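K.L.:
What follows is a structure written as structure tokens; I'll ask about it next.
Number of protein chains: 2
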Amino acid sequence: MSARALPYRPHNHDTCVTQALTDARTICQDRNVRLTPTRERVLELIWQSHKPLGAYDVLAQLSDDGHNAAPPTVYRALDFLQQNGLVHRIASLNAFIGCTHTGEHHTGMFLICQGCGNVLELTAPSVSGAIKVAAEAESFALDDVTLEIAGLCPRCQSEQDETGAPGNE
Amino acid sequence: MSARALPYRPHNHDTCVTQALTDARTICQDRNVRLTPTRERVLELIWQSHKPLGAYDVLAQLSDDGHNAAPPTVYRALDFLQQNGLVHRIASLNAFIGCTHTGEHHTGMFLICQGCGNVLELTAPSVSGAIKVAAEAESFALDDVTLEIAGLCPRCQSEQDETGAPGNE
DNA sequence: GAAAAGTTTGCAACATTATAACATTTCCGA
DNA sequence: TCGGAAATGTTATAATGTTGCAAACTTTTC
Chain A
67 MSARALPYRP HNHDTCVTQA LTDARTICQD RNVRLTPTRE RVLELIWQSH
117 KPLGAYDVLA QLSDDGHNAA PPTVYRALDF LQQNGLVHRI ASLNAFIGCT
167 HTGEHHTGMF LICQGCGNVL ELTAPSVSGA IKVAAEAESF ALDDVTLEIA
217 GLCPRCQSEQ DETGAPGNE
Chain B
67 MSARALPYRP HNHDTCVTQA LTDARTICQD RNVRLTPTRE RVLELIWQSH
117 KPLGAYDVLA QLSDDGHNAA PPTVYRALDF LQQNGLVHRI ASLNAFIGCT
167 HTGEHHTGMF LICQGCGNVL ELTAPSVSGA IKVAAEAESF ALDDVTLEIA
217 GLCPRCQSEQ DETGAPGNE
């Protein structure tokens with residue numbers, strides 16, 4: 067899948083969303099699963115924000131569309147998207163974000179900025195490796211890794227230096 | 067603080083709880099904060115299980131005590147215990163567990179068994195180090211790390227081999 | 001040792017996040 | 001075009017977490 071810009075850097079986000087949707091269609095076709103209109107719209111809504119979106123935020127936006135949606139609609143779409151590696155759930159935020167490493171087999175590692183709320187997904191083989199070694203040392207059979215790092219992104223660090231308070235994009 | 071047995075291994079858990087409470091009293095005295103009866107009881111309830119306990123589980127047990135408790139009582143006690151490093155919240159489970167590394171400055175790493183539900187807290191400097199390096203590479207100022215690993219503990223792996231299904235202690 | 005100030009708890013209501021259960025519709029292959 | 005599987009709609013409810021204010025208790029200060 068195509069590379070994408072860091073959320074910290076200015077970029078044409080429309081393109082970024084369009085690309086994500088195109089990738090998603092390809093992936094679903096390859097996997098022979100159905101990216102239905104609801105699922106696609108949910109994915110789009112999530113991608114339109116670099117900040118994680120709560121299930122009820124998605125629900126509200128679907129309602130704005132005129133879609134007569136209830137919670138299960140959203141949760142089912144999110145489950146589907148997660149299972150197909152198109153979005154990640156951030157456990158520490160109860161929120162969802164578009165996966166920027168679709169296709170690759172990866173252990174998501176998320177840098178969550180407490181200032182602006184943006185989240186950057188990383189793949190750090192050295193971290194995954196160290197985790198694997200540590201788990202093996204305990205004879206623990208690793209299945210799923212949740213790694214979420216809260217802190218300040220570069221931009222919010224400098225804003226804080228200037229104003230004494232983190233920014234809010 | 068004193069070393070404690072792995073949850074996977076048989077041990078005298080009463081002693082283990084007593085020790086945790088003794089340690090907690092010392093820590094609170096040193097830090098000049100108040101380990102009130104409610105807070106102490108909540109800590110005890112959490113320690114009595116090696117499995118993470120939900121806030122409402124704690125609440126139910128307080129009610130069994132005859133304590134006339136409401137959710138804020140429990141959440142406030144849990145906040146206090148967390149702030150003083152006596153318990154950890156496991157975000158992926160919405161549950162709490164006693165900290166086995168009180169006193170040490172550490173990045174908790176949790177091995178969560180999907181079979182028996184036990185959780186082992188580890189400190190792995192190689193993992194913390196790799197995370198720190200990865201965050202620095204993005205100029206990200208790290209504040210708090212959530213690292214939770216789901217899988218199977220050694221015991222549940224062997225049970226699964228024998229029976230085809232994970233055990234439930 | 002009494003009043004003031006700060007901390008902790010009680011309590012009621014409410015907000016947010018997530019799921020269950022079952023009916024209905026849509027899709028797709030035979 | 002029919003029949004089964006997948007997806008969605010709908011209603012209700014469960015599970016988790018918070019706000020706001022008043023009362024009780026502790027510590028400090030005079």
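Sequences listed follow chains A and B, in order. Just so it is clear: in the first sequence, position 79 is 145 by our numbering, and no numbers are missing. Just so it is clear: in the second sequence, position 20 is 86 by our numbering, and no numbers are missing. Even glycine gets a Cβ: it sits at the ideal position worked out from N, Cα and C. Remember, it's a predicted structure, so these values are computed and weren't measured experimentally.
1. Flag G217/A as yes if its beta-carbon sits less than 8 angstroms from any beta-carbon of chain B, otherwise no.
2. By the three-class DSSP mapping on this structure, what secondary structure does H79/A have?
3. Apply the 10 Å Cβ neighbour rule to E202/A and answer buried if 16 or more other Cβ atoms are within range, or exposed otherwise.
4. Q226/A and L218/A: beta carbons closer than 8 angstroms?
5. H154/A: buried (16+ other C-beta within 10 angstroms of its C-beta) or exposed?
6. Check whether the Cβ of P220/B lies closer than 8 angstroms to any Cβ atom in chain A.
7. Pull the bridge partners of R155/A from the DSSP assignment, please.
8. Between which two residues does the beta strand (DSSP E) carrying V140/B extend?
9. Does G132/A come out as helix, strand or coil in the three-state DSSP assignment?
10. Considering only DSSP beta bridges, list what V211/B is partnered with.
11. With three or more C-beta pairs closer than 8 angstroms as the rule, is the segment 125-142 of chain A touching the segment 172-184 of chain A?
12. Please compile the residues from chain A whose C-beta is within a distance smaller than 7 angstroms of the C-beta of V83/B.
13. Which residues in chain A have a C-beta closer than 9 angstroms to the C-beta of D209/B? List them in chain order.
14. Is it buried or exposed for V199/A, if we count other Cβ within 10 angstroms and need 16 for buried?
15. Please report whether the beta-carbon of V108/B lies at a distance below 8 angstroms from any beta-carbon of chain A.
16. Look at the alpha carbon of L159/B and the alpha carbon of D80/B, and state the distance between them as a whole number of angstroms.
17. Please list, in chain order, the residues of the segment 192-205 of chain A that have any C-beta partner in chain B closer than 9 angstroms.
18. Below 8 angstroms on C-beta distance, what does L177/B contact in chain A?
19. Kindly list, in the order they appear in chain B, the residues whose Cβ is closer than 9 angstroms to that of Q223/A.
20. Kindly examine the ligand PLP and report whether one of its heavy atoms sits closer than 7 angstroms to the Cβ of H79/B.
21. Can you tell me whether DSSP reads V193/B as helix, strand or coil?
22. Output, in sequence order along the chain, the residues in the segment 109-131 of chain A whose CB is closer than 8 angstroms to any CB in chain B.
P.N.:
Considering the structure as presented:
1. yes
2. helix
3. exposed
4. yes
5. buried
6. yes
7. F162/A
8. That residue, V140/B, is in no beta strand (DSSP E); its alpha helix (DSSP H) goes 137-149.
9. coil
10. I215/A
11. no
12. Here the premise fails: no neighbours, minimum Cβ distance about 23 angstroms.
13. Q180, I215, A216, G217, L218
14. exposed
15. no
16. 25 angstroms
17. S192, V193, S194, G195, A196, I197, V199, A200, A201, A203, E204, S205
18. A201, E204, F206
19. S205, F206, A207
20. In terms of ligand content, the structure shown is empty, and the ligand PLP therefore cannot be addressed.
21. helix
22. none
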